[in-house]
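Protein chains in written order, with the numbering used here: chain A, 8 to 207; chain B, 8 to 207; chain C, 8 to 207; chain D, 8 to 207.
Yeah, the Cβ is synthetic: ideal placement off N, Cα and C, and Gly gets one too.
Computed from a predicted structure; not experimentally measured.
All remarks here apply to the structure that follows.
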DNA sequence: CGTTAATCGAGACGGTACGTCGCGTCTTCCC
DNA sequence: GGGAAGACGCGACGTACCGTCTCGATTAACG
């Protein structure tokens, strides 16, 4: 998707590329992903439809690259390691909450989530390029905590990870309850309690 | 949706209703939700398009009712209370895992999840009619456990609930890892560890 | 073309049919056949493109039916038989000249002529439905004249026919010289001279 | 068209020029003029599109030059003057019939005829460069015949000309009947009968 | 128990968007 | 500077579905 198909990349118009990605984000923010059309993107970007079809295989792929560009603009997630695991996790989980509540990210994310259900390739790409790098950063922090003795030795870090992230994702997707810092804190506390090494 | 709208329900053709719901499920299973069209449903069901539009406001509503019918056929999830909280939770979580892995449920569920992102009304309906009743059953079991002293007094049951359910949902939606009984068990064990009342 | 293909003719919207034929004629008169597009016809007629494609196989077919409707509105060509062959022929040939010079007929005719070169089916249809009936009327008049002794017995009427009509068509198509009544008269006179029965 | 436009003709690649004209003829023979595209010509000729646009103003102009090249290869039609007018005319008319029946000329001719209807400039060019020279040759032969007393004094040679040529053109364009030597002969005979000087 | 009005299958209709083709212009790199 | 290559903005193509709207032909409730 980032490097989709074949034509000569050297001749590609960077101007058009940016205009398309920007237009896609704007439109998804304005109208919701359901009403997003290739024609609207092309019109907004001042670009021929063919220029989109030349470089991206589907609307979802455009959206994906738009989202990647957005994430890059914002820089990666900083995962601090101050030694205080609970504080570190709460900080990053709160930041995640803020991001999920930010319409700038929320709407494209929902659009991509919707498209992913019908497009396994997109889903795999999303997981590989966006989700897993983040999870890997989390896991690294947990591993460091395990080395430091803050977490029981035998802990399956991958499960612990999903215990942290799953509930946030669940609330965001299903909108069952408001997604707040308090909730993030509560999740972190509960999970850490279950990870605590046996009292000596 | 479940209670659609206006015309004289008495005159409604039950034959057509079933044919439409069945056709929708078949088509979603065959082609994926993205390619599901009203026209295809009507053709497959041997029904005029107007008969669909008369009784349902949208494609998503048809899918929703199809899904409800499917769930009813299978009966609700029984939440046992044997007194052994861990065993009870593992049983029901494993059952959930099996359901999520069953293509019969998997594809329509994904279709509904996708539609929900663009249709807040559907999302609310789904939550209210399908998700929350299940969660309520879980919560009731946890409450009973708290009364029995298996869970610490101050526990926020809602958060505990989402700690259980969130990770499963996360794996299902994002397909990061296979969704297995072992994972369900691990989640239950971890969560219960964090809920345990302080040792006396 | 007049009866092109399949859908249920009973349900056909006469209103749309007329609007399409009228729009086609208007547009061909305004912009010339080269710039005539199905989209423009549909827009002008206030009609969906599919309604055109449902009933006609091609742009040329629409134009053909438009032209037929135009001809019907104007009524058939009256071929008088006053007994004076030269007068009768001059009258009808002058009328033909006027028609070829009338932009109302000229532009659609040229458009059809152009399309016919690439569409043998259209060409055959044009010949069979429009041209041959006219030629048959001419031929009948010549036959009557032959019976009356105004034309030599052995004359090949078909060749005579094309000797009359061919030069007019040639000037019209190739625009080599202005197409006037005088030219029509001259053609008639020359041809009749060649058809005259041997002097006794 | 024959003298296209501006750039430095000295630098022009003769190789490309021939390839383009040949490709145009081949394609028009294969696919019919309706499907002839500049891109196809460029691809077939192994030439950049710009090279075509640099030297010709339109697809029709390319076709026109292709046709001219074809005619030059074959050499002009010789109009004999043996003293026997009827024999001379029959010879040349039969040759014309053969040419019109030769697919090598037929298809490009039809293509040009079609284009001419929408492109008055092309039409004028065709008439001036191709048609009128031929007609002038015919007319010259008729004039010679009039001098020789084979044709009545007052005859309008131009009309006589079109009486000869019009019927052939009519049959070719409209395909009403097969275009044969017999038809050519019949036309010549009829026309000459009408041109005959008054019996003395 | 026949009348009658609503629902039904069918599908034509005015539209919107699709993904493709070709246009004529432009830009890049090569000879 | 001409030429091969081909990306670009654009406009039209012919198709797929949308949601609305007629059409008879059932069909179920009411008179």
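Using a beta-carbon distance cut-off of less than 8 angstroms, what residues from the region 184-198 of chain C approach chain D? 184, 190, 193, 194, 197 and 198
Considering only their Cβ atoms, is the gap separating residue 149(C) from residue 164(C) smaller than 8 angstroms? Residue mapping note: residue 164(C) aligns to position 157 of the third chain, counting from 1. Residue mapping note: residue 149(C) aligns to position 142 of the third chain, counting from 1. In contact: residue 164(C) and residue 149(C) (Cβ atoms closer than 8 angstroms).
Contact defined as beta carbons within less than 8 angstroms: I believe residue 35(C) pairs with residue 118(C). What is the distance between those atoms, to the nearest angstrom? As a working note, residue 35(C) is residue 28 in the third chain. As a working note, residue 118(C) is residue 111 in the third chain. 5 angstroms between Cβ atoms; contact.
Measure from the alpha carbon of residue 97(C) to the alpha carbon of each residue in 75(C), 54(C) and 194(C), then state which is nearest. By 1-based counting over the third chain, the position of residue 97(C) is 90. With distances taken between Cα atoms, residue 97(C) lies closest to 194(C).
Any chain B beta carbon closer than 8 angstroms to residue 108(A): Sequence index remark: in the first chain, residue 108(A) carries index 101 (1-based). False, the Cβ-Cβ gap to chain B never drops below 8 angstroms.
Can you tell me which of the three DSSP states residue 58(A) falls into? Taking the first residue of the first chain as position 1, residue 58(A) is located at position 51. Three-state DSSP puts residue 58(A) in a helix.
Could you check whether the region 152-166 of chain C touches the region 124-138 of chain C, counting it as contact only if at least three pairs of C-beta atoms, one from each stretch, sit closer than 8 angstroms? no
Counted within 10 angstroms of its Cβ, other Cβ atoms place residue 87(B) as buried (16 or more) or exposed: Here the question's residue 87(B) lines up with position 80 in the second chain. Exposed is the call here.
Using 8 angstroms as the threshold, is the C-beta distance between residue 49(D) and residue 59(D) below it? Taking the fourth chain and counting its residues from 1, the one referred to as residue 49(D) is at position 42. Taking the fourth chain and counting its residues from 1, the one referred to as residue 59(D) is at position 52. Closer than 8 angstroms, so yes.
Can a CB atom of chain D be found closer than 8 angstroms to the CB of residue 101(C)? Translated into positions along the third chain, residue 101(C) becomes position 94. So no, residue 101(C) is outside the interface.
Does residue 40(D) have its Cβ less than 8 angstroms from a Cβ in chain C? By one-based count along the fourth chain, residue 40(D) stands at place 33. Interface residue, yes.
Just checking: is the beta-carbon of residue 161(B) within a distance shorter than 8 angstroms of some beta-carbon in chain A? As a first step, residue 161(B) is located in the second chain; it is residue number 154 there, counting from the start. It does not: the Cβ of residue 161(B) has no partner Cβ on chain A nearer than 8 angstroms.
Suppose the cutoff is 7 angstroms on Cβ atoms and the five residues either side in sequence are ignored; what does the same chain contact list for residue 121(A) look like? Position 114 of the first chain, counted from the first residue, corresponds to residue 121(A). Around residue 121(A): 40.
At the level of alpha carbons, what is the spacing between residue 182(D) and residue 172(C)? As a working note, residue 182(D) is residue 175 in the fourth chain. As a working note, residue 172(C) is residue 165 in the third chain. Looking at the two C-alpha atoms, the distance is approximately 14 angstroms.
Boundaries (first-last residue) of the alpha helix (DSSP H) holding residue 179(D): In the fourth chain, counting from the first residue as 1, residue 179(D) sits at position 172. That run of the alpha helix (DSSP H) goes 164-181.
State the DSSP-derived secondary structure class of residue 127(D), mapped to helix, strand or coil. Your numbering for residue 127(D) matches position 120 in the fourth chain. If DSSP states are grouped into helix, strand and coil, residue 127(D) belongs with the helices.
Partner residues on chain B for residue 201(A), Cβ-Cβ distance less than 7 angstroms: For the purposes of this step, residue 201(A) is identified with residue 194 of the first chain, where counting begins at 1. Simply 197, 198, 200 and 201.
At a cut of 8 angstroms, does the region 69-81 of chain A reach the region 21-37 of chain A through at least three beta carbon pairs? yes
Going along the chain, which residues of its own chain have a beta-carbon closer than 6 angstroms to the beta-carbon of residue 106(B), five neighbours each way excluded? Taking the first residue of the second chain as position 1, residue 106(B) is located at position 99. The answer, listed in chain order, is 112.
With a threshold of 8 angstroms between beta carbons, is residue 118(A) in contact with chain B? Working through the first chain from its first residue, we reach residue 118(A) at position 111. Chain B, which has a Cβ nearer than 8 angstroms to the Cβ of residue 118(A), makes this yes.
When 108(B), 127(B) and 89(B) are compared against residue 114(A), the one with the closest alpha-carbon: In the first chain, the residue the question calls residue 114(A) occupies position 107. Closest option to residue 114(A), Cα to Cα, is 127(B).
Is there a C-beta anywhere in chain C that falls below 8 angstroms from the one on residue 10(D)? Numbered from its first residue, the fourth chain carries residue 10(D) at position 3. No answer about residue 10(D) holds up, because its pLDDT of 44 lies below 50 and its placement is not dependable.
Can you tell me where the alpha helix (DSSP H) with residue 102(C) in it begins and where it stops? Locating residue 102(C) in the third chain gives position 95, where the first residue counts as 1. Its alpha helix (DSSP H) spans residues 92-108.
Smallest Cα separation from residue 158(D): which of 196(D), 177(D) and 131(D)? Taking the fourth chain and counting its residues from 1, one reaches residue 158(D) at position 151. Measuring from the Cα of residue 158(D), the nearest candidate turns out to be 196(D).
Please list, in chain order, the residues of the region 164-182 of chain C that have any C-beta partner in chain D closer than 8 angstroms. 165, 166, 167, 169, 170, 172, 173, 174, 175, 176, 177, 178, 180, 181 and 182
The alpha helix (DSSP H) that contains residue 24(D), what's its start and end? In the fourth chain, residue 24(D) corresponds to position 17, counting from 1. Counting along the chain, the alpha helix (DSSP H) containing residue 24(D) begins and ends at 21-38.
Determine the contact status of residue 52(C) and residue 23(C), defining contact as a CB-CB distance below 8 angstroms. Position 45 of the third chain, counted from the first residue, corresponds to residue 52(C). Position 16 of the third chain, counted from the first residue, corresponds to residue 23(C). The answer is yes: Cβ separation under 8 angstroms.
Would you kindly work out how many angstroms separate the C-alpha atoms of residue 202(B) and residue 78(A), rounded to a whole number? Along the second chain, read from residue 1 onward, the residue named residue 202(B) stands at position 195. Along the first chain, read from residue 1 onward, the residue named residue 78(A) stands at position 71. Straight-line Cα distance between these residues: approximately 36 angstroms.
Is the CB of residue 70(D) under 8 angstroms away from at least one CB in chain C? As a working note, residue 70(D) is residue 63 in the fourth chain. Output row for residue 70(D): interface = no.
Can you look up residue 9(C) in the DSSP assignment and give me helix, strand or coil? Sequence index remark: in the third chain, residue 9(C) carries index 2 (1-based). With a pLDDT of 42 at residue 9(C), under the threshold of 50, the modelled position of this residue cannot be trusted, and the question is left open.
Output yes or no for whether 8 angstroms exceeds the beta carbon distance between residue 169(D) and residue 188(C). Position 162 of the fourth chain, counted from the first residue, corresponds to residue 169(D). Position 181 of the third chain, counted from the first residue, corresponds to residue 188(C). No, Cβ-Cβ distance for residue 169(D) and residue 188(C) is not below 8 angstroms.
Here's a check: name, in chain order, each residue in its chain whose Cβ is nearer than 8 angstroms to the Cβ of residue 184(A), leaving out the five neighbours to either side. Start at 1 with the first residue of the first chain, and residue 184(A) comes out as number 177. Around residue 184(A): 178 and 190.
Given residue 38(A) as reference, the closest of 110(B), 125(B) and 99(B) once Cα atoms are compared: For the purposes of this step, residue 38(A) is identified with residue 31 of the first chain, where counting begins at 1. Residue 125(B) is the option with its Cα nearest to residue 38(A).
Considering only the beta carbon of each residue, do residue 67(C) and residue 142(C) sit closer than 8 angstroms? The residue given as residue 67(C) occupies position 60 in the third chain. The residue given as residue 142(C) occupies position 135 in the third chain. Contact: no.
Residues in its own chain within less than 7 angstroms of residue 123(A) by CB, not counting five upstream and five downstream? Counting from 1 along the first chain, the entry for residue 123(A) is found at position 116. For residue 123(A), where only same-chain residues beyond five positions count, the Cβ hits under 7 angstroms are 129, 130 and 133.
Do residue 180(D) and residue 180(C) have their CB atoms nearer than 8 angstroms? Start at 1 with the first residue of the fourth chain, and residue 180(D) comes out as number 173. Start at 1 with the first residue of the third chain, and residue 180(C) comes out as number 173. For residue 180(D) and residue 180(C), yes; Cβs fall inside 8 angstroms.
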